Amino acid sequence: MNEALVISNALLWFAVIVLAGVVVALVRQVGVLHERLAPAGALMLARGPKPGEAAPRVRAELLAGGVREIGAPRADGRATLLFFVSPTCPVCKTLLPAVRALARRERARLELVLASDGPRAEHDAFVRAERLEDVPYLVSAPLGLAYQVSKLPFAAVIDAGGVLRARGIVSTREHIESLLEAEALGVATIQDWAAGHGDAAGHERGLHGAPRGVA
Numbered sequence: 187m188n189e190a191l192v193i194s195n196a197l198l199w200f201a202v203i204v205l206a207g208v209v210v211a212l213v214r215q216v217g218v219l220h221e222r223l224a225p226a227g228a229l230m231l232a233r234g235p236k237p238g239e240a241a242p243r244v245r246a247e248l249l250a251g252g253v254r255e256i257g258a259p260r261a262d263g264r265a266t267l268l269f270f271v272s273p274t275c276p277v278c279k280t281l282l283p284a285v286r287a288l289a290r291r292e293r294a295r296l297e298l299v300l301a302s303d304g305p306r307a308e309h310d311a312f313v314r315a316e317r318l319e320d321v322p323y324l325v326s327a328p329l330g331l332a333y334q335v336s337k338l339p340f341a342a343v344i345d346a347g348g349v350l351r352a353r354g355i356v357s358t359r360e361h362i363e364s365l366l367e368a369e370a371l372g373v374a375t376i377q378d379w380a381a382g383h384g385d386a387a388g389h390e391r392g393l394h395g396a397p398r399g400v401a
């Protein structure tokens, strides 16, 4: 009886040790995969203006009144985060709080500008519902056409000199941040930066592998 109990305990411990070894191996494999993952950036479309080129200059009406020329050099030295939205886009509404939080964090070097098109009444209601009264809001179909916006949400970063630095389809906070990182690093996309610097090095530095605030 005692001999059988000892054998069963030994077999149990052997099974535990084997399982522990399997878990350790799986954890190591997950770590390797994580190191090799490329940063998930915004999706830049092949058509339309290219990062590094002069941004399309478009005069657009502000919902609150007045006109803003997008793409023109800015006297205040700040970049522009142009975020295209729609009152009927659920992803846009979900992403707005994160975009506004990022804009507040980067307000010393960046201004958030919202853009859309369609009936004015819809935008007035949208602004009230989402409490966007303090954000410049443009209503202009030509603006979307100039930046080749085919899907929403869509964002573009234009530097203070009027140069388009990054653009793409965005559906998460990480996508928005990848555009800001690309603008700070002077690359078209954060994937380009990772490809040039190596995935392992990218994993160790900053957001999505990019050091924050590099000019």
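Read the sequence shown against this note's numbering and you will find it ends at 401, with the numbers running on by one and no gaps. For glycine and all other residues, C-beta sits at the position ideal for the given N, C-alpha and C. No experiment lies behind these values; they were computed from the predicted model shown.
query	result
From E369 to D310, what distance separates their C-alpha atoms?	31 Å
Just tell me which of V335, P322, R293 has its CA closest to the CA of R353.	V335
To which residues does DSSP link L350 through a beta bridge?	I344
When you compare only the Cα positions, how much space is there between A289 and L331?	24 Å
With DSSP run on the structure shown, which of helix, strand or coil describes R254?	strand
Would a check of beta-carbon distances place G330 closer than 8 Å to chain D?	Absent from the structure is chain D; it holds one protein chain and no more.
Taking L248 as the reference, give the member of S272, V299, T266 with the closest Cα.	V299
What would DSSP say about L205, mapped onto helix, strand or coil?	helix
Can you list, in chain order, the residues of its chain with a C-beta nearer than 8 Å to that of R243? Leave out the 5 residues immediately preceding and following it.	E255, I256, G257, A258, G348
For V277, I'd like the list of residues in its chain whose CB is within less than 8 Å of its CB, leaving aside the five on either flank, ordered along the chain.	L338, P339, S357
Starting from E308, trace the alpha helix (DSSP H) both ways and give me its first and last residue.	306 to 316
Please state the DSSP three-state secondary structure of E297.	strand
Am I right that E239 and L350 are in contact with their C-beta atoms under 8 Å? What's the rounded C-beta distance?	6 Å
So, with DSSP's three-state summary, where would you put R233?	coil
Using the three-state DSSP reduction, which class does S364 fall into: helix, strand or coil?	helix
Between the beta-carbon of A301 and the beta-carbon of L268, is there less than 8 Å?	yes
Can you tell me the Cα-Cα spacing of R359 and L281, whole angstroms?	7 Å
Quick check on D345: buried or exposed, where buried means 16 or more other Cβ atoms within 10 Å of its Cβ?	buried
Report the three-state DSSP secondary structure of T325 (helix, strand or coil).	For the sequence presented, residue 325 should be read as Val rather than Thr. Three-state result, V325: strand.
Report, in whole angstroms, the separation of the C-beta atoms of V325 and D303, which I expect to be a contact under 8 Å.	6 Å
If we count the other Cβ atoms within 10 Å of its Cβ and call it buried at 16 or more, is I203 buried or exposed?	exposed
The beta strand (DSSP E) that contains A240, what's its start and end?	First-last for A240: undefined, no H or E at that position.
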